[in-house]
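Notes to accompany the following structure.
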C-alpha cells in the first residue's frame, strides 16, 4: 500500500513557486521515509481531472490523497500538519485572488454560505472549503456515488458552484465531516499576479 498520493490537477504549466514547494515537500517526505506517488493530470476540466486523479490513487490503494492546486504555496511539512489531525477530510483555507482576500472556507448560517476566517484552531468543522490544499482518506470515495466532482448551477442562490463545493456536499450527504486547519492556513499562499495570503 502507498501511504500517500499527491494529486495535482494542472494546465499546460505550473506556477514556479508551486514547483519549488512541491520539490521541498517531496524531499521532506523522502527524508521521513513516507511512501508517496505524484499524480498530475493536465487539462481544463477540473471535475474530470480530479476524478481521474482520485481513481489513480484508489488503484494504488493509497491511504491518503493530498490535493494540491498548481497555483498554491505551502510549507514542506504540509502533509504532517494535516495528517496529525487524524481526520477523513481536512484542508487549509487560503485567500481568493482578488482585493477582497476572502477565505475559501464556508459555513452555512441561516441558509446563507458565509466565509469563515479564524486565526486559531487546527481542526475546525466547516460546511465546505476549496480543495487547493486538502488531505482526504481514500476510503471516503467508497461511500460517494459518482460523479465525485462536477460543476452545477444552484437554482436557489443563482450561481455556479465549483467541483470542490460539490465534493464537500457529497461528503456531508455520506456522513463525513469537513475540517479546516486555520492555525496553519496562514502559511498558505495562492499565486496570481502576486502571492495572495490571508
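Numbering (this note's numbering), first residue to last: 30 to 227. Don't be surprised by glycine CBs; every beta carbon is placed ideally from N, CA and C.
- DSSP places residue 38 within a strand segment (E or B) once states are collapsed to three.
- Annotation: residue 90 is outside any alpha helix (DSSP H) and is labelled neither H nor E by DSSP.
- Distance from the CA of residue 168 to the CA of residue 47, rounded to the nearest whole angstrom, comes to 27 Å.
- Where residue 142 is concerned, the enclosing beta strand (DSSP E) starts and stops at 141–144.
- Residue pairing from DSSP leaves residue 191 without any beta-bridge partner.
- DSSP, read as helix, strand or coil, puts residue 184 in coil.
- Assignment of residue 135 by DSSP, reduced to helix, strand and coil, places it in the strand class.
- Secondary structure at residue 216: coil, using DSSP grouped into helix, strand and coil.
- Between residue 120 and residue 135, the C-beta gap is not smaller than 7 Å, which leaves the two residues out of contact.
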